[in-house]
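Reviewing the structure listed below.
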Amino acid sequence: MTRPSDGQRRQMLVDMVSARTQSQRMWNLQRQGQIGTVAPIDGHEATIVAAAHALDPAHDWVVPQYREPLALRRYGPEVLEQFLLYNIGHPAGGHIPAPIRVLPNQISLATQLPHAVGLAWGMTLQDDPGVVLAFFGDGSSSQGDFYEAGNLAGVLKAPVIFLCVNNQWAISTPVHLQTAAESFAAKAAAFGIPGVKVDGNDVDAVYEAVHGARERARSGLGATLIEAALYRLGAHTTADDPTRYVPAEDLAAARRNDPIAILRSRLEAEGLWDAATQSEVESAALTAVDAAHERARTMPLAPDALLDHCVSEDSPRLARQRLALLAEVEGTR
Amino acid sequence: MTRPSDGQRRQMLVDMVSARTQSQRMWNLQRQGQIGTVAPIDGHEATIVAAAHALDPAHDWVVPQYREPLALRRYGPEVLEQFLLYNIGHPAGGHIPAPIRVLPNQISLATQLPHAVGLAWGMTLQDDPGVVLAFFGDGSSSQGDFYEAGNLAGVLKAPVIFLCVNNQWAISTPVHLQTAAESFAAKAAAFGIPGVKVDGNDVDAVYEAVHGARERARSGLGATLIEAALYRLGAHTTADDPTRYVPAEDLAAARRNDPIAILRSRLEAEGLWDAATQSEVESAALTAVDAAHERARTMPLAPDALLDHCVSEDSPRLARQRLALLAEVEGTR
Amino acid sequence: MTELNMLEAINESLHAEMARDERVVVLGEDVGRNGGVFRATEGLYEKFGERRVYDSPLSEGVIAGATVGLAIAGLVPVAEMQFLGFAYQAMHQIAGQVARLRYRTQGRFDPAITIRAPFGGGVRTPELHSDSLEGQLANIAGLKVVAPATAADAKGLLASAIRDPDPVMFLEPLRGYRGIRDEVPEGEHLVPLGSARTARPGDDLVIIAWSHQVEMACRVSDRLAGEGLSIRVLDLRSLVPLDVAAIAEAVDACGRVVVSEEAVQTGGFGGEIVATVVEESFWSLEAPVVRVSGYDVPYPVGMLEDRYIPDEDRIAAAVRRVLEVA
Amino acid sequence: MTELNMLEAINESLHAEMARDERVVVLGEDVGRNGGVFRATEGLYEKFGERRVYDSPLSEGVIAGATVGLAIAGLVPVAEMQFLGFAYQAMHQIAGQVARLRYRTQGRFDPAITIRAPFGGGVRTPELHSDSLEGQLANIAGLKVVAPATAADAKGLLASAIRDPDPVMFLEPLRGYRGIRDEVPEGEHLVPLGSARTARPGDDLVIIAWSHQVEMACRVSDRLAGEGLSIRVLDLRSLVPLDVAAIAEAVDACGRVVVSEEAVQTGGFGGEIVATVVEESFWSLEAPVVRVSGYDVPYPVGMLEDRYIPDEDRIAAAVRRVLEVA
Ligand SMILES: Cc1ncc(C[n+]2csc(CCOP(=O)(O)OP(=O)(O)O)c2C)c(N)n1
Ligand SMILES: Cc1ncc(C[n+]2csc(CCOP(=O)(O)OP(=O)(O)O)c2C)c(N)n1
Ligand SMILES: [Mg+2]
Ligand SMILES: [Mg+2]
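Protein chains in written order, with this note's numbering: chain A, 2 to 334; chain B, 2 to 334; chain C, 2 to 327; chain D, 2 to 327.
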């Protein structure tokens, strides 16, 4: 049993509160028409933050789906900064700067899982001691990519951790329509790797599971599938109306299990947290997200950025398209 | 425990001997340049035949991969006849006539499994009481289609039986490079359906497993995954040289477990089979395959058959292509 | 006639076809209780029940693959890909199986399958949501590829697609769902697959387009009409089967051609149109055919998409360029 | 110079590149102990070991998907699809991920990925083994699409593809593996991506082709030379990037054009070539460009394939038709 230290748990709560604060701010900014679609993080904080804290950012990669970035503070402020750029639709948002070991969001669900295995495999081929942790949702588990990646990881004994964030919903589709398996963790049997189901609202449980999986991976024993069971407390995204399909009583029950409330009351009981801390963290989080938004808003954009970074060098045809685009932008045609 | 009757077991041996006899004849015909690539059946007979005998051809569908047709005599002589047409590359080979409930061979591995689930589902929607049995190989189990189909079948409780023919090889790739799962049957846990591993060289075991799965499916309890473990006794196909990769001692051991030898010696001991029967069955099988080959060889082919049955009605462009093709064929251009 | 937006027209057509033929089943991600993420399937679940309106697991591959089995069973599946870009997840089933069921069984089974999907840009979606794959789909023999530009056509072509015994990829312009509104005939309304529509008459030049680019082309035509230019707009409506005769007729009448599409330029369907024009009407051409299209980069992020999609200015500029040729 | 068949040339190039750069890893179905079902990877496993030559599980999707991770890790994956038709199983990874890794990370990662696959007909394979998907692949921005027609080019282009920092689909003509033999330079031999090759000089007409159709076109050129016709053959070698200048040069010189390809006609890459010819050299054209291609049906079964693939007679007939235009 490896439990996070008091300092770690306190830092986790900082990260969790920051994530939710920022997510809610982004929700509002979206509603004001200032930024793009937002997938709120509410309910996912304990799992993402605890997982990140069980990793070593200097060595271990995080491969996100799309709901995670705000909770990856441990990987550096650039993650938030790039996320805002990404969110407003600036191309630079996809470029999380080296050496930060975080891949950009993945929209094509579950495609990130074969990437994670390939990356983990490539690291072992180069004797890089890190591991790769990949997030994916309960819905994404229905994609062939998940299974193909899990199976390959099993054969390769690749140092990868598949973290299934089971928030009970894939947009409007509940888990019982997603799979008849006993649990998502049970799917590990298909790969010959251990499968662990944990309470995704409990930072200790998630930390311990990820820590254990990481040790296992580092000692050459291979991959682990972890299912973190929690509940999506918000809408799927700003474009979604969950009242059409989420039973109100389920949501109410889940709210009583809010991961932030749970950890906060524990830390408060232990004297590690108080209202002042809370509001300090919240306001720092707001400052950071607003600054990131401001940076994103004012980030310059080359007139022909559209054509950059597709291939390493313009083909004659692309070069001509670039000229045409520039002419059009300058209205000089 | 549902065991096949003596009469059934005898008929199974007839089908098994016929299949191998015909497969070997086809091998020779291919070597003589008379027919196309052949995937020999040697070693697969007990599994395919026993599975077919546990089904009701009037109601239950068989969805093959590509190695099965010769062992599906139970579904009617047309299966063999069409298989020879298919083998020589005649388009009509794909048309197994109604009402025979057998789909044509599938080359794009594992794509047949979602079809099987859709078909089973469609049957329940129309209150058709049949079940669907789909064959696939150990190699094919690594395709996303297998997992996606299994998962959907689990959710739908579709009346489908996934029969994994684990012949230990996918061309040159051995099972330990295919998966780290404890067995292929163990993958059923990912779908919330039962997984059963049986000795694929034992007709009783396969019959019983398929019979049980069929009963389960018919009573609305849903899908089953069966792994039949056996050994590919021949080459992958006529284009393959297994001596490059199959360990000689493994093959020798497998040959001592030849499913036909096993059943034959049992039936001989029980007085249900003798040498005369054996040669009668063999010569009838040869007559049938040669007749099928002759029929295939002489089957007419419309000059513009190439363009038939792609769409229900020629588009103007296709109509024009047809005229051009006919002109070309007639050399009238 | 009622004025409907495209989404309403599609929804109406789905309701009508499900009521008309009980073999029709609808499947896809979030198509049931939620009525689809854009509400295209709204009300179907309530009306026709969970046996005929199915919220599938999150797998485009198995959705497309299951349609093959459903069709073999004699049903008429209407599947939704939540966004066309995720049809890539199903391409082995769409191209390898759905498209060839009839051919590989030599007519034993009718693949009476319709796969609906929104596509095209202009609404700031994330990656792959806006990609225009029609050129790739059109190269898959056995598929029909239909792409309406008006609400009326959406209704009438969708009904034809569902009734068609061949597999149809039915591509719906994301931006048109709410952005396109027009008069839609009430009751049964069928538009045959494979017949183009003259969206604007004209004889100086023809813009050939489909889906949302028809709207853009019409605006260009209207704008340039003020300058005394007579710009025809030909709305292909279906790419496969292609109305080759209508293309020839329009090119012969106008002599000058612009093809406008949202896709990546290289390998896009525009090339096919140019080739068709050359095959049918080379001698009528008074100037080189010009393609207006996306660029040879993936459909981009939100801030860049307005540059990517051919807009009125870009199309108008191309038109002028072609008209300037002496 | 040694005479090699195309398979030997490819094998030699793989050996050389793996020896030259230890970041190169080979993965695919049966590529290791078996040396590939056609023996393209023969000897690599023995020479470079199982860490660098990997027999993968039977999944094209995960092979392509893993290349993305391997590339992010800084390796140079060379993956094999056993047959190009099964790239459909990986299309979501190839089109959605491999092709865009650079774009979506705005240059953080080099997708130095090569995906080799045999394709094309003539050897009586089962379904999907012979399908020509190059037109579809060419419409996927970010990918390079290379299709050599000679053993020498196979060696030189494959080396360039492996060294290229962008993802390359490297398409090998199945029929050319043993059927095409020519002089191959020994030692390092690089052919740049994006430069076409004049396979036969000539100025009456140019046949534009790639992969095995170049061989067919050359035979037509040779045959018609006997009749005093001077038929140029332009071997594109790479479809993306496309050597637009070479096309223009050839068309300007000849004035008459036939495009020959094995794919389904509608939406094939031939349309792109016609469009390019029209864009570049419209005024040089003395006759409509004619496409010779497969038909608008899937690649057929063995008994029908000789009718499907454009052969010398069909190409020659098209050439004559174009030359007859006054
Ligand atoms: C391949 C693919 N198919 C469909 C979608 C559309 N889509 C976006 S999010 C989503 C649900 C995802 O559910 P889950 O994986 O559980 O993640 P969650 O949103 O619950 O965190 C869907 C269907 C997509 N992005 N990618
Ligand atoms: C999707 C796909 N990928 C690759 C192939 C090429 N291929 C044909 S058979 C085969 C091995 C199949 O192994 P398995 O499923 O175990 O069946 P077996 O041949 O052993 O009966 C492969 C890789 C194919 N036909 N389809
Ligand atoms: Mg979820
Ligand atoms: Mg096998």
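The beta-carbon is built from N, C-alpha and C at its ideal position, and this holds for glycine as well.
Inset, instruction - Determine, using beta carbons only, whether P166/D and L158/D come nearer to each other than 8 Å. - result: No. Outside cutoff.
Legend entry - Contact with chain A by T106/D, beta-carbon distance below 8 Å: It does: the Cβ of T106/D has a partner Cβ on chain A nearer than 8 Å.
Legend entry - F137/A to L14/B span [Cα, whole Å]: Here the C-alpha atom of F137/A lies approximately 50 Å from the C-alpha atom of L14/B.
Legend entry - Below-8 Å beta-carbon distance, P100/A vs any chain D residue: Not closer than 8 Å to any Cβ of chain D, the Cβ of P100/A fails to qualify, so no.
Legend entry - Three-state secondary structure (DSSP) of S239/C: In the structure shown, S239/C adopts extended strand secondary structure according to DSSP, grouped into three states.
Legend entry - Nonlocal neighbours in the same chain, by C-beta distance under 6 Å from S340/D, ignoring five residues either side: Nothing can be reported for residue 340/D: it is not among the residues displayed for chain D, which extend from 2 to 327.
Legend entry - Length of the line joining the Cα atoms of P127/D and P105/B: About 12 Å.
Legend entry - Residues that C346/A bridges to, as DSSP identifies them: Shown here, chain A extends from 2 to 334; a query on residue 346/A therefore has no answer.
Inset, instruction - Apply the 10 Å Cβ neighbour rule to H177/B and answer buried if 16 or more other Cβ atoms are within range, or exposed otherwise. - result: When all chains shown are included, H177/B counts as exposed.
Inset, instruction - Answer yes or no: the CB of D244/D versus the heavy atoms of ligand 3, is any distance below 7 Å? - result: For ligand 3, not one heavy atom lies less than 7 Å from the Cβ of D244/D.
Inset, instruction - For A32/A, count neighbouring Cβ atoms within 10 angstroms of its own Cβ and tell me buried if that reaches 16, exposed if not. - result: According to the sequence as given, residue 32/A is Arg; it is not Ala. With fewer than 16 Cβ atoms within 10 Å of its Cβ, R32/A is classed as exposed.
Inset, instruction - Could you have a look at N29/B and say whether DSSP puts it in helix, strand or coil? - result: For N29/B, the secondary structure class from DSSP, reduced to helix, strand or coil, is helix.
Legend entry - Any non-hydrogen atom of ligand 4 within 7 Å of D146/B CB: Not under cutoff, so the answer is no.
Legend entry - V118/A versus F163/A: straight-line alpha-carbon distance, rounded: In a straight line, the C-alpha of V118/A is about 9 Å away from that of F163/A.
Legend entry - Reference G8/A; option with closest CA among G272/A, L327/A, N258/A: Taking G8/A as reference, the option from G272/A, L327/A, N258/A with the minimal CA-CA separation is G272/A.
Inset, instruction - Compute every distance between the C-beta of L126/A and the non-hydrogen atoms of ligand 1, then say whether any falls below 7 Å. - result: Checking the Cβ of L126/A against ligand 1 gives no.
Legend entry - T239/A (DSSP reduced to helix, strand or coil): If DSSP states are grouped into helix, strand and coil, T239/A belongs with coil.
Legend entry - A47/B beta carbon less than 8 Å from that of M17/B: Yes, the pair counts as a contact, with Cβ atoms nearer than the cut-off.
Inset, instruction - Assign L231/A to buried or exposed, taking buried as 16 or more other Cβ atoms, counted over all protein chains shown, within 10 Å of its Cβ. - result: Sixteen is the threshold: when 16 or more other Cβ atoms of the shown chains lie within 10 Å of the Cβ of L231/A, as they do, the residue is buried.
Inset, instruction - Examine the Cβ distances between the region 279 to 286 of chain C and the region 96 to 109 of chain C and report whether three or more of them are shorter than 8 Å. - result: The answer is no - the region 96 to 109 of chain C does not touch the region 279 to 286 of chain C, with fewer than three Cβ pairs under 8 Å.
Legend entry - Residue nearest to G38/A in terms of C-alpha spacing, selected from L71/C, M92/C, V124/C: Inspection of the sequence shows that residue 38/A is occupied by Thr rather than by Gly. When each option's Cα is compared against that of T38/A, the closest is V124/C.
Legend entry - Residue-chain proximity (A187/A, chain B), Cβ-Cβ < 8 Å: Yes - at least one Cβ of chain B is within 8 Å of the one on A187/A.
Inset, instruction - Might you give, ordered along the chain, the residues of its own chain that have their beta carbon closer than 7 Å to the beta carbon of D315/B, omitting 5 neighbours on each side? - result: In the same chain as D315/B, and ignoring 5 residues on each side of it, the C-beta atoms closer than 7 Å to its own belong to R323, in chain order.
Legend entry - Neighbour-count burial assignment, K198/B, 16 or more Cβ in a 10 Å radius: So K198/B counts as buried.
Legend entry - Cβ of E280/D within 8 Å of any chain C Cβ: At least one chain C Cβ lies under 8 Å of E280/D.
Inset, instruction - Return helix, strand or coil for Y300/C, following the three-state DSSP convention. - result: Y300/C carries a coil assignment under DSSP once its states are collapsed to helix, strand and coil.
Inset, instruction - Report all residues from its chain with a CB closer than 7 Å to the CB of R334/B; omit the five preceding and five following residues, and keep chain order. - result: Residue placement at R334/B is flagged as unreliable, the pLDDT there being 45, under the threshold of 50; the coordinate-derived value follows with that caveat. Excluding positions up to five away in sequence, the list reads A328.
Inset, instruction - Give a single yes or no on whether N202/B has its beta carbon closer than 7 Å to a heavy atom of ligand 4. - result: No; taking the cut-off as 7 Å, the Cβ of N202/B has no heavy atom of ligand 4 nearer than that.
Inset, instruction - Identify whether T403/B lies in helix, strand or coil by the three-state DSSP scheme. - result: Residue 403/B is absent from the structure shown; chain B starts at 2 and stops at 334.
Legend entry - Within the region 166 to 205 of chain D, ranges of the alpha helix (DSSP H) (whole runs, at least 4 residues): Here the runs fully enclosed are 177 to 180.
Inset, instruction - Compare the Cα-Cα distances from P174/D to each of T42/D, I11/D, R164/D and report the closest residue. - result: Ranking the options by Cα distance to P174/D, first place goes to I11/D.
Inset, instruction - Examine chain C for any beta-carbon lying closer than 8 Å to the beta-carbon of V323/D, and answer yes or no. - result: Interface criterion not met: the Cβ of V323/D is under 8 Å from no Cβ in chain C.
Legend entry - For A118/C, the three-state DSSP class (helix, strand or coil): Looking at A118/C - three-state DSSP - the assignment turns out to be strand.
Inset, instruction - Identify whether R334/A lies in helix, strand or coil by the three-state DSSP scheme. - result: Caution is warranted here: a pLDDT of 45 is assigned to R334/A, below 50, making its placement in the model unreliable, and no coordinate value can be reported.
Legend entry - Sub-8 Å separation of A154/B and A187/A beta-carbons: No Cβ-Cβ contact shorter than 8 Å links A154/B with A187/A.
Inset, instruction - Please confirm whether T174/B and E30/D have their CB atoms less than 8 Å apart. - result: A contact, by the Cβ cut-off of 8 Å.
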